[in-house]
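Residue numbers (the working numbering): 1 to 307.
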């Protein structure tokens with residue numbers, strides 16, 4: 001009898017403990033809780049702590065759905081956008097958001113993050129296309145980029161609020177040319193660089209020709225100056241030589257004649273290849289016949305006598 005009472009007490013105690021356990025739930029600092037009773041939202045707990053609900057989630061009695069109470073992020077990659085110039089670019093972006101209204105979050109997407117992010121992705125894609133389409137590509141690389149992100153954030157915020165979300169930040173991770181535009185841009189830049197190289201080469205050739213022309217002109221001028229100087233010096237030398245001869249002739253005419261004759265001998269018969277056909281009694285050889293240079297005496301031809 002006592003054993004039966006103990007068993008009943010233990011069973012009742014276990015039921016009470018299980019009931020207490022099933023009626024208690026804890027919300028930590030990174031969570032929010034939505035209490036749903038028979039499919040309807042009964043309460044929302046946004047502060048950390050220990051809370052109570054109806055025990056035993058039987059027949060759809062109180063159920064607790066936890067949602068995050070922290071910053072969340074999702075990325076959207078390779079968004080193809082067209083800028084005002086008509087070219088296409090690929091954009092990578094990410095969004096940071098929070099679940100600001102757990103009740104609305106539960107009502108609109110049943111507390112499913114994937115569904116909420118899918119709707120935000122669609123809106124983000126459309127917003128980026130609109131914002132980029134109003135500007136040129138350079139805007140995304142300039143200070144205007146911050147204002148572009150604010151526009152996108154404002155576009156997203158309206159849709160996010162209908163989902164119980166709050167957009168904390170929108171950022172562009174990458175803005176790049178598409179493969180087709182990249183190749184076109186590369187070809188254009190290559191052509192521009194080649195044209196620039198040809199222009200520099202042409203300018204270099206022109207400068208080289210100009211310098212060569214200047215150098216050639218300077219060479220001609222230097223040679224002409226040198227020749228003129230040479231002619232002047234040669235003339236001065238000839239004048240000095242003539243004056244020297246004249247002075248020498250004035251001082252000693254006989255010696256001067258002797259010197260002139262010796263110079264003529266050296267010039268005419270100094271080479272072994274020179275051949276002269278002259279009479280030994282010619283005026284040219286007068287110093288060979290007489291050291292004084294007197295001309296040879298005239299020879300008298302005797303007429304022949306007849307028998």
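Even for Gly, the Cβ is constructed at its ideal location relative to N, Cα and C.
All values reported here derive from a predicted model rather than from experimental measurement.
How should residue i be labelled, buried or exposed, when 16 other C-beta atoms within 10 angstroms of its C-beta is the threshold for buried?
{"i": "residue 12", "result": "exposed"}
{"i": "residue 324", "result": "Residue coverage of the chain in this structure runs from 1 to 307, which leaves residue 324 outside it and unanswerable."}
{"i": "residue 333", "result": "Limits of the chain in this structure are 1 at one end and 307 at the other, which puts residue 333 out of reach."}
{"i": "residue 235", "result": "exposed"}
{"i": "residue 244", "result": "exposed"}
{"i": "residue 8", "result": "exposed"}
{"i": "residue 237", "result": "exposed"}
{"i": "residue 133", "result": "exposed"}
{"i": "residue 219", "result": "exposed"}
{"i": "residue 17", "result": "exposed"}
{"i": "residue 124", "result": "buried"}
{"i": "residue 165", "result": "buried"}
So for residue i, helix, strand or coil by DSSP?
{"i": "residue 230", "result": "helix"}
{"i": "residue 220", "result": "helix"}
{"i": "residue 304", "result": "Bear in mind that a pLDDT of 48 at residue 304, under 50, signals an unreliable position, so the model cannot answer this."}
Rounding to the nearest angstrom, what Cα-Cα distance links residue i and residue j in this structure?
{"i": "residue 100", "j": "residue 44", "result": "12 Å"}
{"i": "residue 69", "j": "residue 29", "result": "7 Å"}
{"i": "residue 146", "j": "residue 104", "result": "30 Å"}
{"i": "residue 240", "j": "residue 246", "result": "10 Å"}
{"i": "residue 80", "j": "residue 203", "result": "43 Å"}
{"i": "residue 75", "j": "residue 191", "result": "37 Å"}
{"i": "residue 331", "j": "residue 25", "result": "Outside the modelled stretch of the chain, which goes from 1 to 307, sits residue 331, for which no answer is possible."}
{"i": "residue 135", "j": "residue 196", "result": "30 Å"}
{"i": "residue 82", "j": "residue 175", "result": "12 Å"}
{"i": "residue 27", "j": "residue 138", "result": "48 Å"}
{"i": "residue 249", "j": "residue 228", "result": "31 Å"}
{"i": "residue 93", "j": "residue 111", "result": "24 Å"}
{"i": "residue 64", "j": "residue 23", "result": "10 Å"}
{"i": "residue 106", "j": "residue 38", "result": "14 Å"}
{"i": "residue 215", "j": "residue 201", "result": "20 Å"}
{"i": "residue 189", "j": "residue 86", "result": "18 Å"}
{"i": "residue 153", "j": "residue 90", "result": "19 Å"}
{"i": "residue 205", "j": "residue 211", "result": "10 Å"}
{"i": "residue 226", "j": "residue 264", "result": "32 Å"}
Roughly how far, in whole angstroms, is the beta-carbon of residue i from the beta-carbon of residue j, given that I think they are within contact range, below 8 Å?
{"i": "residue 155", "j": "residue 127", "result": "4 Å"}
{"i": "residue 98", "j": "residue 168", "result": "6 Å"}
{"i": "residue 102", "j": "residue 34", "result": "5 Å"}
{"i": "residue 66", "j": "residue 40", "result": "The Cβ separation is near 18 Å, so there is no contact."}
{"i": "residue 108", "j": "residue 163", "result": "5 Å"}
{"i": "residue 149", "j": "residue 129", "result": "About 15 Å separates the two Cβ atoms, so there is no contact after all."}
{"i": "residue 120", "j": "residue 77", "result": "Wrong, their Cβ atoms sit about 15 Å apart, outside the cutoff."}
{"i": "residue 73", "j": "residue 95", "result": "7 Å"}
{"i": "residue 131", "j": "residue 151", "result": "5 Å"}
Would you say the beta carbon of residue i is closer than 8 Å to some non-hydrogen atom of the ligand FAD?
{"i": "residue 80", "result": "The model depicted lacks the ligand FAD and carries no ligand whatsoever."}
Could you tell me whether the Cβ of residue i comes closer than 9 Å to any Cβ of chain B?
{"i": "residue 55", "result": "This model lacks chain B altogether; it includes just one protein chain."}
(request) Mind listing, in chain order, the continuous alpha helix (DSSP H) runs of no fewer than 4 residues lying wholly within the region 94-171? (result) 102-109, 113-133, 144-162
(message) If we require 4 or more residues per run, which alpha helix (DSSP H) segments fall completely within the region 20-69?
(response) none
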